[in-house]
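Peer 1: In my numbering, the protein residues as written are 13 to 127. Every residue gets a Cβ at the ideal spot worked out from N, C-alpha and C, and that includes glycine. All of these numbers come straight from a predicted model, not from anything done at the bench.
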Amino acid sequence: MSECNATLLFVTLNKSDKDFSPSTQYNDYFINEHYFHWQSQNTDSHQNNGGQRYTKQADTQNKIILFVREKDGYGNTCPFHCFGLVEYMSSHDDFPMNITWKLQQPAMAQYVKAI
Numbered sequence: 013m014s015e016c017n018a019t020l021l022f023v024t025l026n027k028s029d030k031d032f033s034p035s036t037q038y039n040d041y042f043i044n045e046h047y048f049h050w051q052s053q054n055t056d057s058h059q060n061n062g063g064q065r066y067t068k069q070a071d072t073q074n075k076i077i078l079f080v081r082e083k084d085g086y087g088n089t090c091p092f093h094c095f096g097l098v099e100y101m102s103s104h105d106d107f108p109m110n111i112t113w114k115l116q117q118p119a120m121a122q123y124v125k126a127i
């Protein structure tokens, strides 16, 4: 959505070997109700434009909007839930990058698993 200066992140939690290839089984999860751990695509790094659109979010005025869904107990995917705007906090590694996002509003309890 470049005309809106926004990046939409669509994430499926609890991925299975049956439904996702090893290269797309990203390690995405809620750290707690305020923070979300997300892995970028395998082509993103801190040095390329793909990764820098996340790490330079404040400089570029890029809005990041997080959408998350789960799979139910029968293997069906549930609808995406919009968690709204998130703010870049930190990252490490490349190909994929591991990024911590801060949610503007706390996540619903049903998405935050006991740690």
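Count the other CB atoms, across all protein chains shown, that sit within 10 Å of the CB of LEU78; report buried if there are 16 or more and exposed otherwise.
Peer 2: buried
Peer 1: LYS83 to LEU25, Cα distance in whole Å?
Peer 2: 7 Å
Peer 1: Can you tell me whether DSSP reads THR55 as helix, strand or coil?
Peer 2: coil
Peer 1: Suppose the cutoff is 7 Å on Cβ atoms and the five residues either side in sequence are ignored; what does the same chain contact list for PRO108 look like?
Peer 2: TYR38, GLN51, SER52, GLN53, ASN54, ASP56
Peer 1: Since THR112 and TYR47 should fall inside the 8 Å C-beta cutoff, what is the C-beta to C-beta distance between them, to a whole number of angstroms?
Peer 2: 6 Å
Peer 1: Among PHE22, THR19, ARG81, GLU99, which one has its Cα closest to the Cα of PRO91?
Peer 2: ARG81
Peer 1: Should ILE127 be labelled buried (16 or more other beta-carbon atoms within 10 Å of its own) or exposed?
Peer 2: Because the pLDDT of ILE127 is 49, which lies under 50, any placement of that residue in the model is unreliable, and the number read from its coordinates should be weighed accordingly. ILE127 is exposed by the Cβ-count criterion.
Peer 1: Taking the alpha carbon of HIS93 as the reference point, which residue from HIS49, ASN17, GLY85, ALA119 has its own alpha carbon closest?
Peer 2: Comparing Cα-Cα distances from HIS93 to each of HIS49, ASN17, GLY85, ALA119, the minimum goes to ALA119.
Peer 1: Hey, how far is the Cα of GLU15 from the Cα of GLY87?
Peer 2: 36 Å
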